[in-house]
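For the sequence shown, the numbering used here gives the first residue as 40, with consecutive numbering after it.
Heads up, the thing below is written out as structure tokens.
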Amino acid sequence: MIDTENTIEVLGARVHNLKNIDITIPREKLVVITGLSGSGKSSLAFDTIYAEGQRRYIETFSAYARQFLGGLERPDVDKIDGLSPVIAIEQKTTSKSPRSTVGTITEIYDFLRLLYARGGEAYSYVTNEKMVSYSDDQIKELIVQNFTGKRINILAPIIRARKGHYAELFQQITKQGFLKVRVNGEVQDLLPGMKLDRYKTHDIEIVIDRIVIENTEDNEKRLTESIKTAMYHGEDVLMILDQDTNEVRYFSRNLMCPTSGISYQNPEPNLFSFNSPKGACETCKGLGTVHEINLKKIIPNPKQSIKNGGFAPLGEYKSSWIFKQLEIIGEKFGFALIDPIEKISEEAMQVILFGGKEKFSIESKTLGITKEYKIEFEGISHFIKNQFDESPSTSIKRWAKEFMDEVNCPECHGSRLKKEAMYFRIYEKNIFELSTMDISELSAWFDDLDQHLNEKQRIIATEIVKEIKDRLRFLVNVGLNYLSINRSSKSLSGGEAQRIRLATQIGSQLVGVLYILDEPSIGLHQRDNEKLIHSLEQLRDIGNSVLVVEHDKDMIERADYVIDIGPKAGKFGGEIISKGTPKELLNENTITAQYLNGKMKIEVPKKRREGNGKFLKLTGASGNNLKNVSIELPLGKLICVTGVSGSGKSTLINETLYPILNAYYFNGVKKPQPYKKMEGLEHIDKVIDIDQSPIGRTPRSNPATYTDVFSEIRSLYTQTPEAMIRGYKAGRFSFNVSGGRCETCEGSGVRTIEMSFLPDVYVECETCQGKRFNRETLEIRYKGKSISDVLNMTVDEAVPFFENIPKIYRKVKTIQDVGLGYITLGQQSTTLSGGEAQRIKLATELSKKDTGNTFYIMDEPTTGLHFEDIRVLMDVINKLVDKGNSVLIIEHNMDVIKLADYIIDIGPEGGKGGGEIVAKGTPEDIIKSKKSYTAPFLKKELE
């Protein structure tokens, strides 16, 4: 009998490449699954265990509900016992929406909104006094208290400081039976046909009642009715006018300023949300920035004439309507198109930039006649702004954006919220001031908060503050104390994003759950790894099972139990080759064990490369947190940029250096972060950037289509004699367009049978037997193989098959070189593991012809790779450098850093505490640095 209390039992798992494996995983332990990239780790963790957990959860719904959810397929496994609810934290990159921030992902901002809506104190934005609100009974008591024996008018304000003649309004009020109104401070009788000056601003109140306040029952009844009527017409606000002194007092059911009478709606959480129309600033729609025309971009050189292209958006003179209009404006204001722009009068420039409509006539002295002209010109500046705001085309918007600057919104000054939301305070801070603090500061503020709250606030805040503090504490624990909660999520690095999602999960403090994580150490510096492992141990200690797919040495050594899958990748993997504690693993003879016990290792080069003596020099980079950084990159070397997470590596390389190079060689449009100057661009020919974005994961995408080798293969098939006789073009050999594909399954090789509330079933297409193409297409053969046979070849088989076709050979050879010889050319991208997808992308870029003078930029190319995969990859990269190219890698992995010829270490801390060059030079120079956090870990590797 298996003890399912303490173990999870998986029997007969056959998903993807798993070879019918049985495995027992201990519960409430930290378990690491390791092995070569593509060996089947994710197939076991995510596609078997997680998929089954999800399916069981969905099965709890009724059949009716399940048909809307779309069923989940039962993973190909005989049985899983002892499975608890499963939560997966995968490597999906976070949302790229400008509306998503650290606060919204971690839900801290949602709790803050609730705290301010229920416990915030409102202040007037006119007088900065505290706002008050009353019930009808309180208002009646205050009137009796303050006005007994006095003659008062009860007024209902209906118009405040607005222009108009209001004839219809007065008519309406008369029909409702009222006799008097107070207009601009003066009580008047309502007369037929009464109206005001429509171009002046007015204040109008209805006189609801005129009454002397006495302490009688009748008087009290009348007062109650009048208050009700006034509140109805005045939208919950009324005014009391003392007839003797002419003084006015305001009363409101809502929050109201006692002096100026402005009132706020009662606050709801969405008043503090920049994603809701109720709370978002109306000018920038809650984005915090607006686009403004920059005249310097429209007129880059005022010494040029209009004819020579002085106005950048118009270009040089063409015979078009717009230049005809400019000629007419010139006639009116006395300038010609060949005059320098700086000589054109201010008045004329106003019309050219901001438009004008007028008719005028000019007398021609030579001909003795008068010519009539008509200007109807929108104005260059207005035209660009309108195109940006209203054009449906992204390319036109991008064109308009070239002449604009993104600036802080003038209305909300970057807070994204309406004015009212900014005047709710707790302990003298509004919600925006809290959002801009970094997390360690915010944590301290909440620790100090309790003693500054009144009794009512304390009762409201207890639960909310507890939730916020928990989440903040965890963000600090995973090393993210330098972020602020209004930091946009699209500016986060991959590792930061994953750890924020981890923080959200741990913040929820669930117990008895199985957490499955996919390489949480990506993008984490070795220094912060300790914090991450500690957080996972905490999750385990409160009673959860933690299953981590990981290649990191520290994580494997600290695990309670390690499962090694292999022996190789793809169809040569999918077996359990060892399992047990990390100590037991060391005695095994697996590739992982040999790297851990030192039998195999990535060798440090005997000597570092000299380079070619030329440099790229970037001066004064100051984007995000960079503190006026200048770097020299030696060419012809392998350069590594290191530093703790958030220190500014991506800002310096991906957001400053790459956009400059891309704009110079390929006219890229991305605007680099601010810098002073760039030198040495003439020393390289082109730049290739390999970033972290995932490759397209659709069932129709595969390695052959992604690397574009399939286009070449299709061209090859069109040149076979049979295809030429039949007149087949390349489209005939595509499974994405009709013509050559099997139309029954539309080229996918399988047919989907919908099962309503059960998951869809996929069956092999009976027409083409899964070959994707129709009979005629399959009759075309090259070396005896049809196009379908080629898609089913592994890369290792394709290399000798295509060795005489250089264009195809170069691409398939590169895929083989990065260690992916075992995958088939037509394998669906959805079934590739993270490390495989990363290397397909690398292979695509690396197969482009290098000039021996190319500059490669790679952002963490080791994502998802095992020690052995890294060795293979570094061989490919070293070959590139040996040919004379330069490769720059942003990396935390010590196996890569120790191979570098030149290292730039940025830091010392993340966020505000980073952004400086801490150390630079060869690895041997770096380990001497006292300030660098990378140095002690690198020293260990070099010993």
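Backbone N, C-alpha and C fix where the C-beta goes; we use that ideal spot for every residue, glycine too.
On a predicted model such as this, the values are computed, not experimentally measured, just so you know.
Rounding to the nearest angstrom, what Cα-Cα distance links Glu718 and Ile144 in this structure?
40 Å
What are the boundary residues of the beta strand (DSSP E) that includes Ile893?
It should be noted that the sequence gives Thr, not Ile, for residue 893. Taken as a continuous stretch (DSSP letters only), the beta strand (DSSP E) holding Thr893 covers Thr893 to Asp898.
Rounded separation between Thr893 and Arg771 - CA only:
36 Å
Nearest to Asp964 by CA position, among Ser291, Asp944 and Gly952, is which residue?
Per the Cα distances, Asp944.
Near Phe186, what residues of its chain come up, given a Cβ to Cβ distance below 8 Å and the 5 sequence neighbours on each side ignored?
Ile252, Ile279 and Asp281
On the DSSP letters alone, give me the boundaries of the beta strand (DSSP E) that Ile956 sits inside.
Glu955 to Gly960 is the span of the beta strand (DSSP E), which, as asked, contains Ile956.
Whole angstroms are fine: how far does the CA of Met763 sit from the CA of Lys716?
56 Å
Whole angstroms are fine: how far does the CA of Asn843 sit from the CA of Asn56?
32 Å
Are the beta-carbon atoms of Ser886 and Thr853 separated by less than 8 Å?
yes
Count the other C-beta atoms from every protein chain shown that fall within 10 angstroms of the C-beta of Val957, then say buried if there are 16 or more, exposed otherwise.
buried
Alpha carbon to alpha carbon, how far is Leu938 from Lys676?
11 Å
Endpoints, beta strand (DSSP E) assigned at Tyr600:
Where Tyr600 is concerned, the enclosing beta strand (DSSP E) stretches over Tyr600 to Gly605.
Beta-carbon contacts of Gly318 that lie in its chain and below 8 Å, excluding the five residues immediately before and after
Asn309, Leu310, Phe311, Ser312, Gly325, Leu456, Lys457 and Ala460
Would Ile212 be called buried (16 or more neighbouring beta carbons within 10 Å of its own) or exposed?
buried
My understanding is that Ile616 touches Gly609, with C-beta atoms under 8 Å, so please give their C-beta distance in whole angstroms.
Not confirmed; about 15 Å, so no contact.
In three-state DSSP terms, what is Ile60?
strand
Comparing C-alpha positions only, which one of Thr806, Cys448, Lys371 and Glu381 sits nearest to Pro341?
Taking only the C-alpha atoms, the option nearest Pro341 is Glu381.
Unbroken alpha helix (DSSP H) run spanning Asp149, endpoints
Ile147 to Gly158
Please go through the same chain and pick out, in chain order, the residues whose beta-carbon is closer than 8 Å to the beta-carbon of His573, but skip the five residues on each side of it.
Asn516
Cβ neighbour criterion (16 or more within 10 Å) applied to Thr501:
exposed
Return the CA-CA distance between Leu230 and Tyr164, expressed in angstroms with no decimal places.
37 Å
What does DSSP give as the partner residues of Asn831 in its beta bridges?
Answer is none; Asn831 lacks a bridge partner.
Where do the ends of the beta strand (DSSP E) carrying Met233 lie?
That residue, Met233, is in no beta strand (DSSP E); it is neither H nor E in DSSP.
With distances taken from CA atoms, which of Gly453, Leu262 and Asn520 is nearest Gly477?
The identity of residue 477 in the sequence shown is Asp, whereas the question assumes Gly. The residue with the shortest Cα to Cα distance from Asp477 is Asn520.
Within this structure, are the beta carbons of Gly954 and Gly687 separated by less than 8 Å?
yes
Determine the burial state of Gly51: buried for a count of at least 16 other Cβ atoms within 10 Å of its Cβ, exposed for fewer.
Per the 10 Å Cβ criterion, exposed.
Cβ of Arg249 within 8 Å of Cβ of Asn192?
It is a contact, given that the beta carbons lie within the stated cut-off.
For Gly858, count the other beta carbons within 10 Å of its own beta carbon; 16 or more makes it buried, fewer makes it exposed. Which is it?
Buried: at least 16 other Cβ atoms inside 10 Å.
Alpha carbons only, please: which of Phe463, Asn693 and Arg512 is nearest the one belonging to Asp486?
Arg512
Can you tell me where the beta strand (DSSP E) holding Tyr89 begins and where it ends?
Where Tyr89 is concerned, there is no enclosing beta strand (DSSP E), given that its DSSP letter is neither H nor E.
What is the rounded straight-line gap between the Cα of Gly203 and the Cα of Gly224?
17 Å
Relative to the C-alpha of Leu649, which candidate in Val141, Val171, Gln184 and Asn924 has its C-alpha closest?
Note on residue identity: the sequence assigns Glu, not Leu, to residue 649. Out of Val141, Val171, Gln184 and Asn924, Asn924 has the C-alpha closest to the C-alpha of Glu649.
What residue range does the beta strand (DSSP E) around Ala939 cover?
Unbroken run through Ala939: none, as it is neither H nor E.
Who does Gly946 pair with in a DSSP beta bridge?
Glu955
Helix or strand or just coil, what does DSSP make of Ile247?
Three-state DSSP puts Ile247 in a strand.
Compute the beta-carbon to beta-carbon distance between Ile819 and Glu761, rounded to the nearest angstrom, for a pair I have assumed lies under 8 Å.
Contact between Ile819 and Glu761 is confirmed by a C-beta separation of about 5 Å, below the 8 Å threshold.
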